[in-house]
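Q:
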Amino acid sequence: MKNTADIYRYRKENTISEGRTVMLSLAYSVCCVLLPCILCALFLRRGLNGREWWFHFIWVVLFLLMLAGIFVITGFGSVWDIGRYDEWIRRDEVNTVLFGSQGRMTYILNVFLFVPLGFMLPLIWKEFRSIGRTVLAGAAFSLAIEGSQLFNRRTTDVDDLLMNTLGTVWGFFLWECMRRVMKKLNGQAHSLSRWEPVYYLLLACAGEFFLYNWRLAV
0 MKNTADIYRY
10 RKENTISEGR
20 TVMLSLAYSV
30 CCVLLPCILC
40 ALFLRRGLNG
50 REWWFHFIWV
60 VLFLLMLAGI
70 FVITGFGSVW
80 DIGRYDEWIR
90 RDEVNTVLFG
100 SQGRMTYILN
110 VFLFVPLGFM
120 LPLIWKEFRS
130 IGRTVLAGAA
140 FSLAIEGSQL
150 FNRRTTDVDD
160 LLMNTLGTVW
170 GFFLWECMRR
180 VMKKLNGQAH
190 SLSRWEPVYY
200 LLLACAGEFF
210 LYNWRLAV
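Going by numbering that gives the first Met the number 0, 213 is the number at position 214 of the sequence shown; the sequence numbering is gapless.
1. Alpha helix (DSSP H) containing M119: first to last residue?
2. Mind checking which residues open and close the alpha helix (DSSP H) that includes A136?
3. Check whether the Cβ of V71 lies closer than 7 angstroms to any heavy atom of the ligand NAP, and answer yes or no.
4. Assign N48 to one of three DSSP states: helix, strand, or coil.
5. Would you please state the rounded distance, in angstroms, between the beta carbons of L66 and V32? I believe it to be under 8 angstroms.
6. S28 and E145: beta carbons closer than 8 angstroms?
7. Could you give the distance in angstroms between the alpha-carbon of I57 and the alpha-carbon of M177?
8. Output yes or no for whether 8 angstroms exceeds the beta carbon distance between F62 and Y199.
9. Mind pulling the alpha helix (DSSP H) runs of 4 or more residues that sit fully within the region 40–102?
10. Buried or exposed: which applies to V114, given that a residue is buried once 16 or more other Cβ atoms fall within 10 Å of its Cβ?
11. Within 10 angstroms of the Cβ of M119, are there 16 or more other Cβ atoms? Answer buried if so, exposed if not.
12. Give the secondary structure of T155 by DSSP, where H, G and I count as helix, E and B as strand, and everything else as coil.
13. Work out the CA separation of R50 and S147 for me, nearest whole Å.
14. Is the beta carbon of W79 closer than 8 angstroms to that of P196?
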């Protein structure tokens, strides 16, 4: 009975420890993303004041929190991973064969992971109410994630790229369906710059790559 209690206590403590690590990683990732992107938003803030500015800023912060969540889930590589292992790039952890991944659930999760991105881009920025731009942004963001995983122990997978892009498409069509039902979504969105979301995507990746030190999150 004592052994059973010890095992239960060990599992409980281990679960709590893992939960704390995940929360710490998420908080750290949020800081790495928010810092450069909010500075960019403040720099771009021109001709948008008062209520319009705060309304747009809140949506931008939600967008950035989503990006940070994606980084934590996918395991975005960082400059601190370079030299961490004997080999920088391991061929056995690179999958270039289409539909070569195992497990149907992996495909489903990778699709749903990028649905919010495909939905929020056209929702917040009128310049991305084009499926071409939105899908291109989603594919490029996914490619950046897969490229960064060359430096850590994650698998760089062409299937992930394809499923993430498909998820972006689904997200865009979800926004399109809601736009047809909710006429308010047709209103003109406020943008600080034509390429504002692109700046955020680039800065979020750069912030995560250069500022996120995995040693501080464990």
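In this text, a Cβ means the ideal position worked out from N, Cα and C, and glycines have one as well.
These figures come from a predicted structure and were not determined experimentally.
A: So, to answer that:
1. M119 -> alpha helix (DSSP H) spans V114 to I123.
2. Run containing A136: I130 to S147, per the alpha helix (DSSP H) assignment.
3. Of ligands this structure carries none, so the ligand NAP is not represented either.
4. Here DSSP, grouped into helix, strand and coil, assigns N48 to coil.
5. L66 to V32, Cβ: 6 angstroms. Contact.
6. No, these two residues do not count as a Cβ contact at 8 angstroms.
7. Cα to Cα, I57 sits roughly 20 angstroms from M177.
8. A contact, by the Cβ cut-off of 8 angstroms.
9. If one requires a minimum length of 4 residues, the alpha helix (DSSP H) runs lying completely within the region 40–102 are 49–73, in chain order.
10. Flag for V114 reads buried.
11. With 16 or more Cβ atoms within 10 Å of its Cβ, M119 is classed as buried.
12. Here T155 sits in strand by DSSP.
13. Annotation: S147 to R50 spans about 38 angstroms, alpha carbon to alpha carbon.
14. The answer is no: Cβ separation not under 8 angstroms.
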